[in-house]
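Protein chains in written order, with my numbering: chain A, 10 to 554; chain B, 238 to 511; chain C, 9 to 328. Ideal Cβ positions, reconstructed from N, Cα and C, are used throughout, including at glycine.
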Amino acid sequence: MKIRHPRCARSTQNWIIAAAAIASLVAVSATSDAQQDKPRYGGVLNWFDYGDPARLDVHAESPLVVQQATAGVYSSLLHKDPDAPTKIAPDLAEHYTVSADGKTYTFHLRKGVKWHDGQPFTATDVKATFDRVLNPDFKSPKCGATLKPLVAGTEVVDPHTFQVRLKAPAPDPFLSAVSSAWCRIAAKHVLDKFGDLNKPEAQIGTGPFKFKRYERGSVIEWEKNKDYFIQGLPYLDGVKQFILVGGPTQLAAAKAGRIMLWDTWPPMGKAQSEELKSARGNEIDVYRWPINTIWIVFLNTKKPPFDNPDMRRAVHLALNRQELITKALDGAGVPCAMLDPKLVGEAALPLAELERTPGCRTGAGKEQDIAEAEKLVKKHYPNGLDIEMAFRQVGNYSDRSQLVAAQLRKIGIRGTLKTHESAAGYAAFGKGDFTLIAAQDRAMDGTDPSDPFSLIWTTQGGSNWGKWSDPKFDEVADRGLKETDKAKRAKLYQDAQRMFLSGAPSAIPVGWVEGWFFADKKVRGYKPSPSAYDNITFMKVWLAP
Amino acid sequence: MRLLARQPLGVAGAVVVLGLVATALLAPVLAPHGPKEAVFGQFVPPGREFPMGTDNLGRDVLSRVMWGARLSLYVGLVSVLIGVTIGSLWGIFTGYLGGVADVSSQRVIDCVMALPPIILALSLMAAVGSSVNNVILALTILLTPTAARTVRSVALAIAASPYIEAARAAGTSHVRIVLRHILPNCLATYIVLVTTNISYAIVVEASLSFLGVGAPPDEPSWGGMLTAGTQAMETAPWLIFFPGVAISLAVFALNLLGDAIRDIADPRLRGGLG
Amino acid sequence: MQVYVVRRLLLFVPTLLGASLLIFVLMRLVPGDIAQILVYQTGSEQSTVQEKQIRQIRTELGLDKPLFVQYITWLGNAVRLDFGESYSQRRPVRDILIERFPRSVELAILTMGLAMLWAIPLGVISAVRQNTWIDYVVRILSISGLSLPIFFTGVLILYLLVRVFRYLPPLEYSALTENPAENLKQMIWPALAQAYYIAAPIMRLTRSQMLEVVRQDYVRTAFAKGLSDRAVIYRHALRNSLLPVVTFIGWWGGRLLGGIVIMEIIFAVPGMGTALVQAVGYRDYPTVQAIVFVMALIFLCVNLVVDLLYGWLDPRIRLA
């Protein structure tokens, strides 16, 4: 099983940095023990889904619940290595080759693979999948959205060879998309028969588990695929996920030992994890884990008061990130960082430098910043001002927003909290229908330093909800994207961060978010990935007695 | 003294209600800290410095419970006064007038009451957005039809009584009959509806908080505090204990007071909770 | 009698129309529609693409037509019991109704049963021993049911079960018809929590009714005849005082269907309430309208049955 990576040295390097850093950050004993004993067969893994997915089409949907419901049923051409989820590994494609100009990828597919209904898997299925997500009229928010701008055309060379032609060489984004959990390969005959993948009956994949049962609003079950294309896998007889919507219910289920794993969103708080430890003692491992996600306070530059750079600067100076992270995330986070050194290495501004930067510093420096912020607000609004502070009613956004409001009240910005339902909130934010968003996490698909810039901070960024635009800043970010020399690239990104933090930004970084999770000590061979979407097929997971 | 002997529970209720009202009015003076001031340590257990401890964001629970009295009683009182008053007037006039006005208003009430209250409140809050005043609006809409129906039946009974017929025969105007005879006779029902429904409003407000459509989360509402407290029941039991006690105490006292008023005003009136 | 039933049934029509129109208008006032929500659900795409997709979905669902037309179309189909397709669940709304309603009805019946089991005897005792310590204890106990928000009672039960007894009710729903034991193990707790709340007004009503009846002449006569306390209370007083209690129970029972949503969330019961909340979140109009329509219908039917029962128990009503 060999993979040739002629052009993606940079990507691999970054994944390795991230892997090493994450490995040193936490020691998950549940997984480190795994190498010592021999995997056992049998048993059902129980965990939970924080919502009812309702629709199951992995190509057309984007919530994590959909991924959780279907992950083990499907395979992709490439996927994140189950033993080291920061690396890309072969899945349905045994290996691939890249043409000299970097524009043509040829995937050599495994032979003898069968769909869960017994039909043989061939390159036509891959073609049908790509045609489906690339169709301009088809809404494919994850796989399609990343592949559409890159791919020029696809072709079936022979039943076991599939070719993709790119518009321009783009190894990182392309391989990242193809190996993502959203670009699962679906069967042509299933798509023809059902039209989409929403129905439970349409869940026919080539993955380690078969879709067994979907009791809506209650439970989703997978059972072992005895004909899985990797001999001897999976170890588990099945996977069962309970649909638990209420926070107290989730915690009660964990305390009672009914669920063996909490590696979903939202993470637990410290208090919850402590309670769990006291209830389950040494049956479980509680661990802190980065989730490749940044907490942003968004300011709308198209509306008063934040169309005024002074007011944006005031918010940036006044927010006490350390307090926000300590109180709302129980300290699990990297305050003020635009890039997390743990995840991207040298491209991140050193934490020691952040400590000295106005807005990010602590102690006497912070007092100065707050006084300065107050002065800026007074200059434009001598009596202070009242604004709406929006947030989506999910996870612990409520706690976070209350703290942001309390901090800004000190400089005369009096916020009234406005709650949105989850999806309705995104709709409002996307349309620019807000003044300030007090708590909103943005998750990255990879760990390249360019990711948050492309997503949040540049004019074209998909989550540039504040409609902030600085051509000079865009230019630096763009140069960073194209630069191939590692040291020069790190320097470019560091410059961009300094420029951003000394200005009047609209998407203000509060910090990189980490969370508390747990795994039952019986659960072996499970490696959490930095993205909640990846590596939840449980193909190599087994249960100790 | 005689009142105390005859209605010991009622007097106890009245005392507690007065205490709560006093707390609510004096909260700005009594509370040691601001209700939204998140500057202290997190999860500090009750002790000398913070008699009721601090919450997960480092706010003084005592201050929040005191300000919470203000908010909860404000929400309860305003929504019930508006809802029950509008409902009562509506019930009296349509009940007295009868005919098309009565029949059509009965159908409107049917329609609203056929919708489950929590669902009605939930979609209303989704439509108007969550703020303290919108919670009041939703509660008002829930309470009005029930009040209208209850008061209407009382008004009907009065309108059918012989002395009203006599008054009508004597040529007294409708307006005068309603104002002089029917309104005063519905007063007892009105008072009972108000006292019992305030506690209902407080409890519904709490449920709305649980469903995420209550007052904004930094507002110190007892229901919101209770909801937030369920996240750490073991780590910080004081976070559910004190707001829970506050709600129970208020509901308890209001109900006892309502019972007593009902017994004094009209022993035949029965449980108007709904 | 038949005329009465027919007249009542005819009254259903305007009420159902009104209720469905009310929820139709209310849902349209909620900001955002399903197209926006599906497209923006992760907020990660470019807005021009998004706007195009939103228009597509709206056309597909007929949301671009005038509101009046939408309502009439919906109504026309609903009359033929065709409730359309749930866009958020991608299946016919009728399937959702068939799947979810029996569960919530079961929970509602269980709740009401438990509440009556607890409330009526206590109400009687409290009335018979009026103004004794038993009366006070019972009254305080019943008000205490009202004084905790039901979500809190539910969370507390769940917490104590796990903490004290290391027991957690099943998280997985089993149908009553397939596995009654597992089903009851899950359903009994939410029913208990909700029953504790509802028992309070039932108990109070029973008490006040008993007090009223006990003072009436025929009861006094019965006592005078030398009948034992027991016989008087159970044969005469209780039967008559239960009439208004029955009405009240029916009225509340019909409404309970929507009220148990909080219990369904806490105890992971996949019932009507959770489906409705999810549908409201997605602005899935056909689903919301159908569920509310059926809830209103059940409410009206229960009330009709209660009225008929009442008339049958008390002939004076029929004459009136």
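Taking only beta-carbon positions, decide if Pro480 of chain B is within less than 8 Å of chain A. Position 243 of the second sequence holds residue 480 of chain B. Answer no: the Cβ-Cβ gap between Pro480 of chain B and chain A never drops below 8 Å.
So, for Glu430 of chain A: in the same chain, excluding its five sequence neighbours on each side, which residues have a beta-carbon less than 8 Å away from its beta-carbon? Here residue 430 of chain A refers to the residue found at position 421 when the first sequence is read from its first residue. These residues qualify, in order along the chain: Arg401, Gln402.
Quick one, which of C:Ala230, C:Val300, C:Ile306 has its alpha-carbon nearest Gly262 of chain C's? Here residue 262 of chain C is taken as the residue at index 254 of the third sequence, counted from 1. Gly262 of chain C has its Cα closest to that of C:Ile306, out of C:Ala230, C:Val300, C:Ile306.
Residues of chain C with CB closer than 8 Å to the CB of Leu361 of chain B, please, in chain order. Within the second sequence, the letter at position 124 stands for residue 361 of chain B. In chain order: Leu34.
Looking at chain B, which residues of the stretch 150–162 of chain C have a Cβ within less than 8 Å of any of its Cβ atoms? Ile151, Ser152, Leu154, Ser155, Leu156, Pro157, Ile158, Phe159, Phe160
Identified DSSP bridge partners for Thr106 of chain A: The sequence position of residue 106 of chain A within the first sequence is 97, counting from 1. Its beta-bridge partners are A:Thr115.
Expressed to the nearest angstrom, what Euclidean distance is found between the alpha-carbon atoms of Pro474 of chain B and Phe330 of chain B? In the second sequence, residue 474 of chain B corresponds to position 237, counting from 1. In the second sequence, residue 330 of chain B corresponds to position 93, counting from 1. Taking the straight line from one Cα to the other gives about 50 Å.
Shorter than 8 Å from the beta carbon of Ala408 of chain A to some beta carbon of chain B? Residue mapping note: residue 408 of chain A aligns to position 399 of the first sequence, counting from 1. Here the sequence assigns Asp to residue 408 of chain A, which means Ala is not the residue at that position. Output row for Asp408 of chain A: interface = yes.
With a threshold of 7 Å (Cβ to nearest heavy atom), would Ser188 of chain A be considered close to the ligand MG? Among the components modelled here there is no ligand, and therefore nothing to report on the ligand MG.
Closest residue to Gly3 of chain C among C:Arg99, C:Ile117, C:Pro278, C:Trp82 (Cα-Cα distance): Here chain C has residues from 9 to 328 only, and residue 3 of chain C is not among them.
Could you tell me which uninterrupted beta strand (DSSP E) segments, each at least 3 residues in length, are contained entirely in the stretch 57–100 of chain C, listed from first to last along the chain? none
Taking Cβ-Cβ distances shorter than 7 Å, what residues in chain A pair up with Gln78 of chain C? Taking the first residue of the third sequence as 1, we reach residue 78 of chain C at position 70. Residues of chain A passing the Cβ test: none, with the nearest at roughly 20 Å.
Measure the alpha-carbon distance for Gly241 of chain A versus Thr133 of chain A and round it to whole angstroms. Taking the first sequence and counting its residues from 1, the one referred to as residue 241 of chain A is at position 232. Taking the first sequence and counting its residues from 1, the one referred to as residue 133 of chain A is at position 124. Answer to the nearest angstrom: the Cα atoms are 27 Å apart.
At a CB-CB cut-off below 9 Å, which residues of chain B make contact with Ile31 of chain C? Position 23 of the third sequence, counted from the first residue, corresponds to residue 31 of chain C. Neighbours of Ile31 of chain C on chain B, chain order: Leu352, Ile356, Leu357, Ser360.
Using a Cβ-Cβ distance under 8 Å, would Glu224 of chain A count as near chain C? One-based indexing of the first sequence puts residue 224 of chain A at position 215. Yes, because at least one Cβ of chain C sits closer than 8 Å to the Cβ of Glu224 of chain A.
Proximity test, Cβ basis, 8 Å: Cys348 of chain B and chain C: If you number the second sequence from 1, residue 348 of chain B lands on position 111. Chain C contact via Cβ: present.
Where are the alpha helix (DSSP H) runs, 4 residues long or more, that stay fully inside the stretch 484–526 of chain A, in chain order? 495–510
Counting only runs that start and end within the stretch 379–415 of chain A, where is the alpha helix (DSSP H) found for 4 or more residues in a row? none
At the 8 Å Cβ level, is Arg296 of chain B part of the contact set with chain C, yes or no? Position 59 of the second sequence, counted from the first residue, corresponds to residue 296 of chain B. So no, Arg296 of chain B is outside the interface.
Ile545 of chain A - DSSP class collapsed to helix/strand/coil: Against the first sequence, residue 545 of chain A aligns to sequence position 536. Looking at Ile545 of chain A - three-state DSSP - the assignment turns out to be coil, as it is neither helix nor strand.
Cut-off 6 Å between Cβ atoms - residues of its own chain near Ile31 of chain A, not counting five sequence neighbours on either side: Working through the first sequence from its first residue, we reach residue 31 of chain A at position 22. Annotation note: pLDDT 47 at Ile31 of chain A (below 50); position unreliable, coordinate value reported separately. For Ile31 of chain A, where only same-chain residues beyond five positions count, there are no Cβ hits under 6 Å.
So that I know if they touch, is there some Cβ in chain B lying closer than 8 Å to that of Ile318 of chain C? Taking the third sequence and counting its residues from 1, the one referred to as residue 318 of chain C is at position 310. In the sequence as displayed, the identity of residue 318 of chain C is Tyr instead of Ile. Chain B, which has no Cβ nearer than 8 Å to the Cβ of Tyr318 of chain C, makes this no.
Can the beta-carbon of Val254 of chain C be found closer than 8 Å to that of Val313 of chain C? As a first step, residue 254 of chain C is located in the third sequence; it is residue number 246 there, counting from the start. As a first step, residue 313 of chain C is located in the third sequence; it is residue number 305 there, counting from the start. No.
Can you tell which of B:Thr381, B:Arg389, B:Val415 has its C-alpha closest to the C-alpha of Tyr400 of chain B? For the purposes of this step, residue 400 of chain B is taken as residue 163 along the second sequence, with counting starting at 1. Of the listed residues, the one whose Cα sits closest to Tyr400 of chain B is B:Val415.
8 Å Cβ cutoff, Val82 of chain A in contact with chain C: Translated into positions along the first sequence, residue 82 of chain A becomes position 73. Not one chain C Cβ lies under 8 Å of Val82 of chain A.
Between the Cα of Gly374 of chain A and the Cα atoms of A:Asn329, A:Ala414, A:Met398, which residue gives the shortest distance? Your numbering for residue 374 of chain A matches position 365 in the first sequence. Selected option, being the one with the closest Cα: A:Asn329.
Going by C-alpha distance, which of A:Leu490, A:Ala414, A:Lys500 is nearest Glu332 of chain A? Here residue 332 of chain A is taken as the residue at index 323 of the first sequence, counted from 1. Nearest C-alpha to Glu332 of chain A: A:Ala414.
Check Phe130 of chain A in the structure and name its three-state DSSP category. Stepping through the first sequence from its first residue, residue 130 of chain A is reached at position 121. Correct three-state label for Phe130 of chain A: coil.
How should His389 of chain A be labelled, buried or exposed, when 16 other C-beta atoms within 10 angstroms of its C-beta is the threshold for buried? As a first step, residue 389 of chain A must be located in the first sequence, where it is residue number 380. Answer is exposed; the Cβ neighbour count stays below 16.
According to DSSP, what are the bridge partners of Asn55 of chain A? What you label residue 55 of chain A is simply residue 46 of the first sequence in a count that begins at 1. BP columns for Asn55 of chain A point to A:Lys249.
Measuring only the C-alpha atoms, how far is Leu4 of chain A from Ala287 of chain C? Since the first and last residues shown for chain A are 10 and 554, residue 4 of chain A lies out of range.
Tyr293 of chain C bridges to which residues according to DSSP? One-based indexing of the third sequence puts residue 293 of chain C at position 285. Paired residue(s): none; Tyr293 of chain C is not in a bridge.
Interface residues of chain B facing Leu54 of chain A [CB-CB closer than 7 Å]: Within the first sequence, numbered from 1, the residue matching residue 54 of chain A stands at position 45. None at all; the shortest Cβ gap to chain B is about 26 Å.
Check this for me: beta carbons of Ala452 of chain B and Ser444 of chain B, under 8 Å apart or not? Counting from one through the second sequence, the residue named residue 452 of chain B turns up at place 215. Counting from one through the second sequence, the residue named residue 444 of chain B turns up at place 207. No, they are not a contact pair.
Selection of the stretch 319–344 of chain A by Cβ proximity to chain B, strictly under 7 Å: Lys336
Should Gln469 of chain A be labelled buried (16 or more other beta-carbon atoms within 10 Å of its own) or exposed? Taking the first sequence and counting its residues from 1, the one referred to as residue 469 of chain A is at position 460. Gln469 of chain A is exposed by the Cβ-count criterion.
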